[in-house]
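2 protein chains.
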Amino acid sequence: MAREGRKSRAVTILDIAKSAGVSKSTVSLVLKRSPLVKEETRQRVAGAMDALGYVYNRGAASLRRARADIVGMVINDLSNPFFAELAIGIERALQNSGFVPFIANTAESVVRQAEVVRSMREHGAAGLILCPALDTDVAEISRLEARLPIVLAIRRIIGTRASLVVSDNLAGAARATEHLIELGHRDIAFVGGVGRMVVFQDRVAGFAGAMEKARLAVEPARTIESMPTKDGGFDAMKRLLSLDRRPTAVVCFNDVVAIGAMLAIARQGLTVGRDVAVVGFDDTAEARHVSPALTTVSVDAGSLGERAAQMLLRQINEGERRLESYVGEARLVVRESCGADFKRRIAS
Amino acid sequence: MAREGRKSRAVTILDIAKSAGVSKSTVSLVLKRSPLVKEETRQRVAGAMDALGYVYNRGAASLRRARADIVGMVINDLSNPFFAELAIGIERALQNSGFVPFIANTAESVVRQAEVVRSMREHGAAGLILCPALDTDVAEISRLEARLPIVLAIRRIIGTRASLVVSDNLAGAARATEHLIELGHRDIAFVGGVGRMVVFQDRVAGFAGAMEKARLAVEPARTIESMPTKDGGFDAMKRLLSLDRRPTAVVCFNDVVAIGAMLAIARQGLTVGRDVAVVGFDDTAEARHVSPALTTVSVDAGSLGERAAQMLLRQINEGERRLESYVGEARLVVRESCGADFKRRIAS
DNA sequence: CCCGAAATTTGGAACGTTCCAATACTCCTA
DNA sequence: TAGGAGTATTGGAACGTTCCAAATTTCGGG
Numbered sequence: 001m002a003r004e005g006r007k008s009r010a011v012t013i014l015d016i017a018k019s020a021g022v023s024k025s026t027v028s029l030v031l032k033r034s035p036l037v038k039e040e041t042r043q044r045v046a047g048a049m050d051a052l053g054y055v056y057n058r059g060a061a062s063l064r065r066a067r068a069d070i071v072g073m074v075i076n077d078l079s080n081p082f083f084a085e086l087a088i089g090i091e092r093a094l095q096n097s098g099f100v101p102f103i104a105n106t107a108e109s110v111v112r113q114a115e116v117v118r119s120m121r122e123h124g125a126a127g128l129i130l131c132p133a134l135d136t137d138v139a140e141i142s143r144l145e146a147r148l149p150i151v152l153a154i155r156r157i158i159g160t161r162a163s164l165v166v167s168d169n170l171a172g173a174a175r176a177t178e179h180l181i182e183l184g185h186r187d188i189a190f191v192g193g194v195g196r197m198v199v200f201q202d203r204v205a206g207f208a209g210a211m212e213k214a215r216l217a218v219e220p221a222r223t224i225e226s227m228p229t230k231d232g233g234f235d236a237m238k239r240l241l242s243l244d245r246r247p248t249a250v251v252c253f254n255d256v257v258a259i260g261a262m263l264a265i266a267r268q269g270l271t272v273g274r275d276v277a278v279v280g281f282d283d284t285a286e287a288r289h290v291s292p293a294l295t296t297v298s299v300d301a302g303s304l305g306e307r308a309a310q311m312l313l314r315q316i317n318e319g320e321r322r323l324e325s326y327v328g329e330a331r332l333v334v335r336e337s338c339g340a341d342f343k344r345r346i347a348s
Numbered sequence: 001m002a003r004e005g006r007k008s009r010a011v012t013i014l015d016i017a018k019s020a021g022v023s024k025s026t027v028s029l030v031l032k033r034s035p036l037v038k039e040e041t042r043q044r045v046a047g048a049m050d051a052l053g054y055v056y057n058r059g060a061a062s063l064r065r066a067r068a069d070i071v072g073m074v075i076n077d078l079s080n081p082f083f084a085e086l087a088i089g090i091e092r093a094l095q096n097s098g099f100v101p102f103i104a105n106t107a108e109s110v111v112r113q114a115e116v117v118r119s120m121r122e123h124g125a126a127g128l129i130l131c132p133a134l135d136t137d138v139a140e141i142s143r144l145e146a147r148l149p150i151v152l153a154i155r156r157i158i159g160t161r162a163s164l165v166v167s168d169n170l171a172g173a174a175r176a177t178e179h180l181i182e183l184g185h186r187d188i189a190f191v192g193g194v195g196r197m198v199v200f201q202d203r204v205a206g207f208a209g210a211m212e213k214a215r216l217a218v219e220p221a222r223t224i225e226s227m228p229t230k231d232g233g234f235d236a237m238k239r240l241l242s243l244d245r246r247p248t249a250v251v252c253f254n255d256v257v258a259i260g261a262m263l264a265i266a267r268q269g270l271t272v273g274r275d276v277a278v279v280g281f282d283d284t285a286e287a288r289h290v291s292p293a294l295t296t297v298s299v300d301a302g303s304l305g306e307r308a309a310q311m312l313l314r315q316i317n318e319g320e321r322r323l324e325s326y327v328g329e330a331r332l333v334v335r336e337s338c339g340a341d342f343k344r345r346i347a348s
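Written out as structure tokens, the structure is:
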């Protein structure tokens with residue numbers, strides 16, 4: 001039995017042609033649904049195709065056409081539900097575009113990232129959606145971006161002018177901070193994330209902006225960096241709680257960090273929401289499920305993914321350079337961890 | 001500026017050859033690191049390559065070699081963290097194999113599944129790892145499996161003899177049930193999952209087996225089906241709690257269902273672990289983070305993914321049919337939701 | 001300085017498509 | 001019934017590799 005991807009010659013367009021008594025060219029026309037071919041021959045050819053179990057060879061086709069029908073998605077951390085949602089959104093938007101997504105998970109490694117990008121280029125990817133790994137080199141992106149359509153997602157890279165899909169980190173963090181201020185908090189800290197990430201800088205800027213607008217001090221000792229993981233959040237929060245004057249509220253870099261922070265708070269015998277208010281960022285599914293439910297800034301990864309895909313498709317189709325950027329709205333979702341509930345209950 | 005995937009002719013092996021003053025064959029040899037070429041020429045060629053910005057064209061290569069270097073992974077629900085972990089595991093194992101993974105999310109749609117499988121075949125995938133969508137037709141798998149190497153993951157399909165990587169659902173469910181019995185429970189229900197899924201059948205069988213071994217009745221009214229989602233779990237649990245004699249413990253189809261069930265229990269004013277014990281299945285990251293932390297059966301999706309990938313690679317390389325199956329251990333992870341803690345505290 | 005063997009290098013001929021220009025039908029009209 | 005306008009079909013010639021058998025160069029002895 002002839003198996004694909006093996007020596008035994010596969011069924012080709014010529015076999016079909018012979019079997020249907022036409023030329024290979026006609027078969028090719030049928031393949032691309034050309035209106036030129038007579039309905040009767042079309043059927044004859046189609047018949048031969050599934051009689052012989054024909055499988056279209058896209059590799060050969062795109063060799064000839066000098067353009068493949070795949071696009072690459074390079075994700076820095078697929079195990080983070082936020083990025084998984086993003087990937088699904090991209091896939092969904094690509095669904096009927098005639099393009100097929102290649103996926104790769106770089107696990108925040110720039111080395112791995114370079115490898116997968118290379119592999120995608122070698123496969124003739126028509127374009128790339130890239131969530132850059134930490135410490136990605138600007139020059140590398142620029143070089144790439146001169147060579148094929150690219151959309152940067154989620155993480156901005158300063159110094160490149162590539163198309164971009166991000167969420168409004170600044171406004172989101174500001175909104176979260178304002179909410180805490182409205183609830184009466186004055187001592188607010190920022191927890192988690194690493195300083196060399198632009199996303200971090202934006203969120204901290206939003207935080208600081210809101211604080212300043214309310215004439216509140218933002219002390220450097222109170223923005224604590226950490227890896228953007230649960231453990232990172234846990235440790236950072238522990239450190240924060242050991243300060244002499246501990247804050248009454250924290251804005252966290254993202255949901256994962258926030259959940260770690262909540263754990264640290266509980267471990268200290270304190271109650272999240274009452275003793276220390278916590279807000280996160282991203283609104284991953286987990287945010288809804290932890291207890292107390294996490295107040296967070298919602299960024300809708302899925303639709304960011306769709307945007308990114310649409311943007312890439314436009315860029316691919318419109319031939320020449322066509323840079324866009326899209327900043328997704330960041331909406332505050334109030335749940336329990338910020339203590340809005342406690343306030344309300346006390347007030348009533 | 002010449003961009004890839006566009007009209008403007010790309011740099012090819014012939015350009016390199018000309019520039020380095022050798023023949024295309026030599027360049028080809030350099031490409032595949034053949035020891036035949038003299039070190040000096042190798043360097044000259046390599047030099048020309050990055051001077052001209054050469055990008056290897058894998059499409060052309062695999063056309064000639066009649067074998068592409070991609071494998072497909074078809075996932076039924078990438079938004080489920082369990083499957084995301086699986087995908088990452090697969091990707092990790094493929095990392096240095098020379099194969100690149102194509103990914104697709106079928107979202108449980110058999111139609112979509114057929115489409116993506118087709119697309120992967122058209123791209124010349126050397127093999128497929130498939131997490132079949134619900135209601136996948138046996139005949140379709142058999143037909144496929146006769147044509148190219150396939151590994152079925154997570155979901156068995158009865159009637160096919162394809163290679164298989166699954167977790168030990170029966171033993172896992174039995175182990176979870178036994179644990180509840182040891183804790184003193186007698187009225188135990190099974191919640192969630194749909195009857196036509198083999199995974200469901202296996203887990204229910206494990207549950208029933210353990211019950212029978214302990215001479216406990218397993219009443220049909222107490223295995224409640226539902227979609228394997230949080231909402232499904234919520235509804236199913238609500239229905240269960242409305243029964244006249246409510247169970248004191250539930251074994252859930254998976255973690256997602258269990259979390260939904262916990263919500264329903266809490267909503268009813270009952271306490272998970274004390275009033276109703278809950279165990280899940282899968283040990284997703286969420287299981288650790290909900291409160292109370294979910295007692296669950298751990299199946300390590302990542303390493304199942306790696307196994308699946310390794311199995312597929314073996315099958316691809318060893319030419320002829322080589323069917324294997326692997327049943328991953330299912331380990332009970334005791335946390336809080338089963339109430340083991342309450343018991344202990346009362347006892348001491 | 002020539003010989004044979006070993007070490008390198010090299011021109012086609014594939015691989016399965018698409019594209020183009022050209023050919024073959026099929027009617028219809030003058 | 002020849003001419004022509006459509007309408008359908010078709011044979012190369014690419015596309016960028018790899019593979020093979022054959023050609024060329026290099027080198028150590030005699």
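First to last, the protein sequences are chains E and H. With UniProt numbering applied, the first sequence corresponds to residues 1 to 348, in that order. With UniProt numbering applied, the second sequence corresponds to residues 1 to 348, in that order. Note that the Cβ used here is the ideal one computed from N, Cα and C, for glycine as well.
Along chain H, which residues have their Cβ under 8 angstroms away from the Cβ of LEU63 (chain E)?
ASN57, GLY59, ALA60 and LEU63
Contact criterion: CB-CB distance below 8 angstroms. Does GLY172 (chain E) meet it with respect to chain H?
no
GLU225 (chain H) at chain E interface by Cβ criterion, 8 angstroms
no
Range of the contiguous beta strand (DSSP E) that encloses LEU164 (chain E)
163 to 167
Kindly indicate the opening and closing residues of the alpha helix (DSSP H) around ILE13 (chain H).
13 to 20
Among H:ASP255, H:ALA221 and H:VAL251, which residue has its Cα nearest to the Cα of ARG239 (chain H)?
H:ALA221
Alpha carbon of VAL251 (chain H) to alpha carbon of PHE234 (chain E), nearest angstrom
31 angstroms
Around the Cβ of SER298 (chain E), are there at least 16 other Cβ atoms within 10 angstroms (buried) or fewer (exposed)?
Answer is buried; the Cβ neighbour count reaches 16.
VAL290 (chain H) touches chain E at which residues, Cβ-Cβ below 9 angstroms?
Correct list: GLU286, HIS289, VAL290 and SER291.
Coil, strand or helix - MET79 (chain E) by DSSP:
The question names Met, yet the displayed sequence has Ser at residue 79 (chain E). SER79 (chain E): coil per DSSP, three-state reduction.
Alpha helix (DSSP H) segments (min. 4 residues) lying fully within the segment 96 to 177 of chain E
110 to 122 and 138 to 145
Just to confirm, are THR296 (chain H) and VAL279 (chain H) a CB contact at a threshold of 8 angstroms?
yes
Closest to GLU336 (chain E) by CA distance: which of E:LEU164, E:MET311 and E:MET262 is it?
E:MET262
Helix, strand or coil: which one does DSSP assign to LEU180 (chain E)?
helix
Which full runs of the alpha helix (DSSP H) of 4+ residues lie inside the segment 278 to 333 of chain H, going along the chain?
285 to 289 and 301 to 317
Give me the Cβ distance between ARG105 (chain E) and GLU91 (chain H), rounded to the nearest whole Å; I'm assuming they're in contact under 8 angstroms.
One detail in the question is off: residue 105 (chain E) reads as Asn in this sequence, not Arg. The C-beta separation of ASN105 (chain E) from GLU91 (chain H) comes to about 5 angstroms, placing the pair in contact by the 8 angstroms criterion.
Report yes if the CB atom of VAL27 (chain H) is closer than 8 angstroms to the CB atom of ARG42 (chain H), and no otherwise.
no
Go ahead and label GLU329 (chain E) buried or exposed: buried means 16 or more other beta carbons lie within 10 angstroms of its beta carbon, across all protein chains shown.
exposed
Is ARG121 (chain H) close to chain E, meaning its C-beta is less than 8 angstroms from at least one C-beta of that chain?
Yes, ARG121 (chain H) counts as interfacial toward chain E.
Chain E within 8 angstroms of LEU134 (chain H), Cβ atoms only
Not an interface residue.
Can you confirm whether the segment 310 to 319 of chain E touches the segment 124 to 142 of chain E when touching is taken to mean that 3 or more C-beta pairs between the two stretches lie within less than 8 angstroms?
yes
Could you check if ALA139 (chain E) is buried or exposed, using at least 16 other CB atoms within 10 Å of its CB as the buried criterion?
With fewer than 16 other Cβ atoms within 10 Å, it is exposed.
Short Cβ contact (8 angstroms threshold) for VAL165 (chain E) with TYR326 (chain E):
Contact flag set, yes.
Residues of its chain near GLU286 (chain E), where Cβ-Cβ distance is below 7 angstroms and the 5 sequence neighbours each way are ignored
PRO81, ASP255 and ILE259
Look at VAL191 (chain E) and PHE253 (chain E) and say whether their C-beta atoms are less than 8 angstroms apart.
yes
Over the uninterrupted beta strand (DSSP E) stretch that includes VAL27 (chain H), give me the two end residues.
It is not in any beta strand (DSSP E) - VAL27 (chain H) instead sits in the alpha helix (DSSP H) that spans 24 to 31.
Just to confirm the assignment, what range does the alpha helix (DSSP H) spanning ALA200 (chain E) have?
Note that residue 200 (chain E) is Phe in the sequence shown here, rather than Ala. Where PHE200 (chain E) is concerned, the enclosing alpha helix (DSSP H) stretches over 198 to 213.
Does ILE88 (chain E) get closer than 8 angstroms to chain H when you measure Cβ to Cβ?
At a cut-off of 8 angstroms between C-beta atoms, ILE88 (chain E) counts as an interface residue with respect to chain H.
How long is the line joining the alpha carbons of ALA107 (chain E) and ALA61 (chain H), rounded to whole angstroms?
Computed Cα separation, rounded: 29 angstroms.
Which whole runs of the alpha helix (DSSP H) in the segment 214 to 265 of chain H are 4 residues long or more, in chain order?
As summarised for the segment 214 to 265 of chain H, the continuous alpha helix (DSSP H) elements at least 4 residues long and confined to that stretch are 230 to 241, given in chain order.
Who pairs with ALA189 (chain E) in a beta bridge, going by DSSP?
E:VAL250
Own chain, CB closer than 6 angstroms to ARG175 (chain H), minus 5 neighbours either side, in chain order
LEU332
Inter-residue Cα distance where the pair is GLY21 (chain E) and LEU152 (chain E):
50 angstroms
At which residues does the alpha helix (DSSP H) containing VAL45 (chain E) begin and terminate?
39 to 52
Is DSSP giving GLY72 (chain H) helix, strand or coil here?
strand
Kindly indicate the opening and closing residues of the alpha helix (DSSP H) around GLY59 (chain E).
58 to 65
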